[in-house]
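Student: Before anything else, here's the structure in question.
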Amino acid sequence: MAQWISTFPGYNWLLTKVKKSFGAVVREGPIPRHVGIIMDGNRRYARTHNIELKEGHSLGFESMASVLELLYECGVEHATVYAFSIENFKRSSYEVKWLMDLAKSKFKQVTQHGELCEEYGVRIRILGNTALLPPDVRKVLNETEQITKNNKRATLNVCFPYTSRDEITHSIKCIVNESIKQNDFIIDQSTIDKFLYTRDSPPLDLMIRTSGTYRLSDFLLWQVVSSDCAVVMVETLWPEFTPYHMAKILLNWGFNKYWYGSPQGYRARGQPLPRQYFENEDEDEGEDEDIEDQESSDRDLDSLINDEDDTMTSQDSSDKEQK
Amino acid sequence: MSIGNTDETVATDAIVPDSITATALPANGDGLVSRKPTARVQVVKPLEVSTDTAQKHPPNSLRNTGIVSVFFWLVDELRRFIGGGSSSAANDSKSTGSTSTINLFITYFNHAILLIIFFIISIYKNYLYVRRRIHLKFLNLTYFPNKSPHIIRDDVNKLSRIPKRVSCIVNFKDEEEENGGIDGLINDISELTAWSVSAGIQELSIYEYNGVINDYYLELNRYINKNLKNYFGTEYVPNISIKSPHSSKVLVNKPEKPIDLYVNLLSKVDGKPTIVELTKTISELAINRELSVKDITIDLINDELVELVGSEPDLMIIFNPNLDLQDYPPWHIRLTELYWEPDNKDITYAVFIRALQNYAKAKVNVGK
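Now the structure itself:
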């Protein structure tokens, strides 16, 4: 039935209009800034529908484009998709080759029809250990990154080939390198954040996994464990995942944030609150302390505080330089 | 105000709004009425300063919108919306002043729609909540362990496979809550231990965000043993080893006998902070030239973290109404099967056994 309707003239036009107006409505409420998607189920879809694996993968790509369009209409700034895992190299060689060819052709399309990306203003970034890729694919990916570099409206992070453990290890390696170069290099959680592949994106707010598998499969593990991130697992296979499913998830996310203050829904007794509560409290406390300091302090103390401020700003600037 | 009469008229000409001049112009025909504009100007004069600012931007554009004009704009906007970009350019040039009002109206309209949707969602969620709670109550009645390991064993024997390592996320509730406080937590953990021993699980990790339980080691051990006696009788009490990786405390009841269940108490310090500590250690080693950057591999870090925190669990049961990982060690949930029962707030046997049943159904294929 749905397929039959989609053959009507003007269906796609109507769909974009509906997406636009839905986006305008959803933008009024809270919106995730960074969404991660595990696109699972292409192969199972191909198997159950008696089509070739190749077809399944291309259907998956179409479904991704459609879902991303909705996400960007709704005001999501960063989307991270799990396109290819390092573990996927274990698959049969011809399937890996198809996937590489598919990626190459799709990215070439993007680079040739540059206006498509310009219209949406999407910047494409490749995350992952690109050294593992064949050189021709790597070249195409680099070109895509270069061409879309200046787009500002939204970012699409394509994880190709990626695993989270590899990412954390990579981050640790970079930090060790830095600490060899600089003697007083401070290592804490934010340092590891700064050297992850996702350093340019805001913290993850929503993670979606399709195909009824309740595992994270080595995707954005460091980012997902935070209490500020909601994980949504759905039963549908990825090629069947339509913008309608995405819309439901976005509405639910916004509702939870609006109603309960946490993107995951209401919290049980004793469940720790999301970090943002503490951040606000800390800020308030900090301000109070500042006022008290100013009241109780003499001019000498004031000058000391100013000195401290100076050092703080210098640290900040050094942080920016590192970025 | 020392400005001459002629100057005044010049100044007023500039200030008088369009509407006033429009009404004044037809009246110019009568000699009597010719004074009217000056009379009006005198009224306007004290407002000289304020009109200057008003000419730049009206502070609130809503003031001069009637219901009819809003309707016209809405129709206009609808036409533009349907007609696409082609006709919008012509309309824009005419109604530049009113676009902000349209936008404001549309914003309110969208907001109203969103609130209505949220209202419907809240009703639906309440309905779901009631339904799930009833379902859970029903499950709790059907799956009741009755402090007997045989019943648990019967339930587990139906399953095709059971996990070796299970991790549970539990909450520390307030003293005032039902089954709350440290006693409630100890009680919950001892129940989980007894179920795990009966099910044949080898390692049980308990994750509590703040790590409160680490201070109550001996009480926990005593209570677990007491509870195990309730389950297994006094003749054969399973041998338990309790370990907290962060404080490196290990407690074994009967060191000479084989251990039936390893209990691992985790908290948030075993998560990201441990990885940070590991990074610090590695960088120190690298600075002292005891380790080169090339040697840092996934396997090395995995080995170290297994040593520091423990192995990756096969199954994680989240005893919360939602899927909240609460800063659980990120390295250790790579292929872990996650299970949680929506709207469940308690640690019950029904949830535990359903998690095991779910695990038995799931199929793992790394990358393939």
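Residue numbers (this note's numbering), protein chains in the order written: chain A, 1156 to 1478; chain B, 183 to 550.
Every residue gets a Cβ at the ideal spot worked out from N, C-alpha and C, and that includes glycine.
Just to make sure I have the definition right: I need the residues of chain B whose C-beta is within less than 7 Å of the C-beta of A/PRO1427. Which are they?
Tutor: Position 272 of the first sequence, counted from the start, is the residue given in the question as residue 1427 of chain A. Under the 7 Å cutoff, chain B gives TYR391, GLN508.
Student: If we require 4 or more residues per run, which alpha helix (DSSP H) segments fall completely within the segment 1277-1344 of chain A?
Tutor: Those alpha helix (DSSP H) runs which fall completely within the segment 1277-1344 of chain A and span 4+ residues are 1290-1302, 1319-1336.
Student: Could you check whether the segment 411-426 of chain B touches the segment 472-488 of chain B, counting it as contact only if at least three pairs of C-beta atoms, one from each stretch, sit closer than 8 Å?
Tutor: No: fewer than three Cβ pairs fall under 8 Å.
Student: In this structure, how does DSSP classify A/VAL1173 when only helix, strand and coil are distinguished?
Tutor: On the first sequence, residue 1173 of chain A is found 18 positions in, with the first residue counted as 1. Here A/VAL1173 sits in helix by DSSP.
Student: Between A/HIS1233 and the rest of its own chain, which residues show a CB-CB distance below 6 Å, the 5 nearest in sequence each way excluded?
Tutor: Counting from one through the first sequence, the residue named residue 1233 of chain A turns up at place 78. Counting only Cβ-Cβ distances below 6 Å, and skipping sequence neighbours, we find HIS1189, THR1310, SER1356.
Student: Got a sec, what are the start and stop residues for the beta strand (DSSP E) A/MET1219 sits in?
Tutor: For the purposes of this step, residue 1219 of chain A is identified with residue 64 of the first sequence, where counting begins at 1. Element bounds for A/MET1219: not the beta strand (DSSP E) but the alpha helix (DSSP H), 1208-1228.
Student: To the nearest angstrom, report how far apart A/LYS1252 and A/ALA1201 are at their CA atoms.
Tutor: The residue labelled residue 1252 of chain A in the question sits at position 97 within the first sequence. The residue labelled residue 1201 of chain A in the question sits at position 46 within the first sequence. Rounded to whole angstroms, A/LYS1252 to A/ALA1201 spans 17 Å at the Cα level.
Student: Got a sec: which bits of the segment 369-383 of chain B sit with their beta carbon under 7 Å from any beta carbon on chain A, in order along the chain?
Tutor: Those residues of the segment 369-383 of chain B that come within reach of chain A (Cβ to Cβ, closer than 7 Å) do not exist; the list is empty.
Student: Anything in chain A within Cβ reach of B/THR479, meaning under 8 Å, just list it in chain order.
Tutor: Within the second sequence, numbered from 1, the residue matching residue 479 of chain B stands at position 297. What B/THR479 touches in chain A: THR1324.
Student: Could you check whether the Cβ of A/ASN1167 sits closer than 7 Å to any Cβ belonging to chain B?
Tutor: Position 12 of the first sequence holds residue 1167 of chain A. Not closer than 7 Å to any Cβ of chain B, the Cβ of A/ASN1167 fails to qualify, so no.
Student: For A/ALA1179, return the contacting residues in chain B, with the cut-off set at a CB-CB distance below 8 Å.
Tutor: Counting from 1 along the first sequence, the entry for residue 1179 of chain A is found at position 24. Near A/ALA1179 (Cβ distances below 8 Å), the residues of chain B are ILE288, ASN292.
Student: Compute the Euclidean distance between the alpha carbons of A/GLN1378 and B/TYR444, then round it to the nearest angstrom.
Tutor: Stepping through the first sequence from its first residue, residue 1378 of chain A is reached at position 223. Stepping through the second sequence from its first residue, residue 444 of chain B is reached at position 262. One C-alpha to the other measures close to 29 Å.
Student: Can you tell me where the alpha helix (DSSP H) with A/TRP1377 in it begins and where it stops?
Tutor: By one-based count along the first sequence, residue 1377 of chain A stands at place 222. A/TRP1377 -> alpha helix (DSSP H) spans 1376-1379.
Student: Assuming the contact rule is C-beta atoms closer than 8 Å, A/ARG1370 and B/GLU519 should be a hit. Round their C-beta distance to whole Å, please.
Tutor: Mapped onto the first sequence, residue 1370 of chain A falls at position 215. Mapped onto the second sequence, residue 519 of chain B falls at position 337. Indeed, because the Cβ distance is near 6 Å, the residues count as touching under 8 Å.
Student: Run through DSSP, which three-state label would B/TYR541 get?
Tutor: Within the second sequence, the letter at position 359 stands for residue 541 of chain B. It is helical.
Student: Could you tell me if A/PRO1289 is buried or exposed, where buried requires 16 or more neighbouring beta carbons within 10 angstroms of its beta carbon?
Tutor: The residue given as residue 1289 of chain A occupies position 134 in the first sequence. With fewer than 16 Cβ atoms within 10 Å of its Cβ, A/PRO1289 is classed as exposed.
Student: DSSP has B/ASN292 in a bridge; who is on the other side?
Tutor: Your numbering for residue 292 of chain B matches position 110 in the second sequence. DSSP lists no partner for B/ASN292.
Student: Per DSSP, which one or two residues make a beta bridge with B/TYR521?
Tutor: Position 339 of the second sequence, counted from the first residue, corresponds to residue 521 of chain B. Answer by DSSP bridge pairing, in chain order: B/ILE499.
Student: Taking only the alpha-carbon atoms, compute the straight-line gap between B/LEU497 and A/ALA1423 and give it to the nearest angstrom.
Tutor: Taking the first residue of the second sequence as 1, we reach residue 497 of chain B at position 315. Taking the first residue of the first sequence as 1, we reach residue 1423 of chain A at position 268. Going by the C-alpha atoms only, they are around 21 Å apart.
Student: Are the segment 1206-1219 of chain A and the segment 1394-1401 of chain A touching by the rule of at least three beta carbon pairs closer than 8 Å?
Tutor: Flag = yes, the segment 1206-1219 of chain A and the segment 1394-1401 of chain A touch.
Student: Along the chain, where does the beta strand (DSSP E) that runs through B/ASN446 open and close?
Tutor: Here the question's residue 446 of chain B lines up with position 264 in the second sequence. Looking at the DSSP string, the run of the beta strand (DSSP E) that includes B/ASN446 is 443-448.
Student: Does the distance from the C-beta atom of B/LEU323 to that of B/CYS350 stay below 7 Å?
Tutor: Indexing the second sequence from 1 puts residue 323 of chain B at position 141. Indexing the second sequence from 1 puts residue 350 of chain B at position 168. Their beta carbons are not under 7 Å apart, which means B/LEU323 does not touch B/CYS350 by this criterion.
Student: Going along the chain, which unbroken runs of the alpha helix (DSSP H) with 4 or more residues stay wholly within the segment 461-517 of chain B?
Tutor: If we require 4 residues or more, the alpha helix (DSSP H) runs fully inside the segment 461-517 of chain B come out as 480-490.
Student: Note down, in chain order, each residue of its chain lying with its Cβ closer than 6 Å to the Cβ of A/GLY1367, except the 5 sequence neighbours on either side.
Tutor: The residue given as residue 1367 of chain A occupies position 212 in the first sequence. Once the five neighbours on either side are set aside, the close Cβ partners of A/GLY1367 are GLU1390.
Student: Along the chain, where does the beta strand (DSSP E) that runs through A/THR1235 open and close?
Tutor: Stepping through the first sequence from its first residue, residue 1235 of chain A is reached at position 80. Element bounds for A/THR1235: 1233-1237.
Student: Given that B/VAL491 touches chain A, what residues does it touch there, using C-beta distances under 7 Å?
Tutor: Counting from 1 along the second sequence, the entry for residue 491 of chain B is found at position 309. Correct list: empty, because the minimum Cβ distance to chain A is about 13 Å.
Student: Please report whether the beta-carbon of A/ILE1192 lies at a distance below 7 Å from any beta-carbon of chain B.
Tutor: As a first step, residue 1192 of chain A is located in the first sequence; it is residue number 37 there, counting from the start. Chain B contact via Cβ: absent.
Student: In chain A, which residues lie less than 8 Å from B/LYS527 when you measure between Cβ atoms?
Tutor: If you number the second sequence from 1, residue 527 of chain B lands on position 345. Near B/LYS527 (Cβ distances below 8 Å), the residues of chain A are ALA1423, ARG1424.
Student: Determine, using beta carbons only, whether A/ASP1396 comes closer than 7 Å to chain B.
Tutor: Counted from its first residue, the first sequence places residue 1396 of chain A at position 241. As written in the sequence, residue 1396 of chain A is Phe, which differs from the Asp given in the question. No - not a single Cβ of chain B is within 7 Å of the one on A/PHE1396.
Student: Hey, which unbroken runs of the beta strand (DSSP E) at 3 residues or more fall wholly within the segment 366-403 of chain B?
Tutor: Qualifying beta strand (DSSP E) stretches, in chain order: 385-390.
Student: Would the segment 368-388 of chain B count as touching the segment 443-460 of chain B if we require 3 or more Cβ pairs under 8 Å?
Tutor: With a cut-off of 8 Å, the segment 443-460 of chain B and the segment 368-388 of chain B count as touching, because enough Cβ pairs lie within range.
Student: Identify each residue in the segment 1324-1357 of chain A for which the Cβ-Cβ distance to at least one residue of chain B is less than 7 Å, and report them in chain order.
Tutor: Here the close residues are THR1324, ILE1327, LYS1328, ILE1330, VAL1331, ASN1332, SER1334, ILE1335, ILE1342, ASP1343, GLN1344, ILE1347.
Student: Measure from the alpha carbon of A/ILE1330 to the alpha carbon of each residue in B/LEU467, B/LEU505, B/HIS514, B/GLY453, then state which is nearest.
Tutor: Indexing the first sequence from 1 puts residue 1330 of chain A at position 175. Selected option, being the one with the closest Cα: B/LEU467.
Student: Let's see if you can read the secondary structure: which residues bound the alpha helix (DSSP H) around A/MET1401?
Tutor: The residue given as residue 1401 of chain A occupies position 246 in the first sequence. That run of the alpha helix (DSSP H) goes 1398-1415.
Student: What is the C-beta distance between A/ASP1360 and A/PRO1187, in whole angstroms, given that I count them as a contact (C-beta under 8 Å)?
Tutor: Residue numbering aside, residue 1360 of chain A sits at position 205 when the first sequence is read from its first letter. Residue numbering aside, residue 1187 of chain A sits at position 32 when the first sequence is read from its first letter. Right, their Cβ atoms sit about 4 Å apart.
Student: Do the CB positions of A/GLU1504 and B/HIS293 come within less than 7 Å of each other?
Tutor: For residue 1504 of chain A there is no data in the structure shown, the boundaries of chain A being 1156 and 1478.
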